[in-house]
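Input: a single structure, listed below in structure tokens.
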Amino acid sequence: MECENCNHVFEVSRTVLHSYLISDWEKRGFTKPVRLAREIRKDPSHFIIGLPFRVISKPLRMAKELVESYDS
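For the sequence shown, UniProt numbering gives the first residue as 1, with consecutive numbering after it.
As structure tokens, then:
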């Protein structure tokens, strides 16, 4: 990993990185219903209009995250 501020390179094992990634996905998965409910209350029409795109793009975004973690 490289610091975006000072460009210092940190060595992190892939096992630790993947463990963190899975832990982060679990945390985000558990909080997703609350975040979705908040979005629905805030602007229902915007939520409904954007939902099809989000359903399609989410697996792609997760795959991209996984690929980027392997490239690190």
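In this text, a Cβ means the ideal position worked out from N, Cα and C, and glycines have one as well.
Restricting to Cα atoms, I'd like to know which of the options is closest to residue i.
| i | options | result |
| --- | --- | --- |
| Arg-61 | Cys-6, Trp-25, Asn-7 and Ile-49 | Trp-25 |
| Arg-54 | Val-67, Lys-32 and Cys-3 | Lys-32 |
| Val-67 | Ser-23, His-18 and Ser-45 | His-18 |
For residue i versus residue j, is the C-beta spacing smaller than 8 Å?
| i | j | result |
| --- | --- | --- |
| Leu-21 | Ser-57 | no |
| Met-1 | Val-12 | yes |
| Glu-39 | Phe-30 | no |
Mapping DSSP to helix, strand and coil, what is residue i?
| i | result |
| --- | --- |
| Val-12 | coil |
| Glu-39 | helix |
| Glu-4 | coil |
Opposite residue i in the DSSP bridges: which residues?
| i | result |
| --- | --- |
| Glu-65 | Paired residues: none, contrary to the question. |
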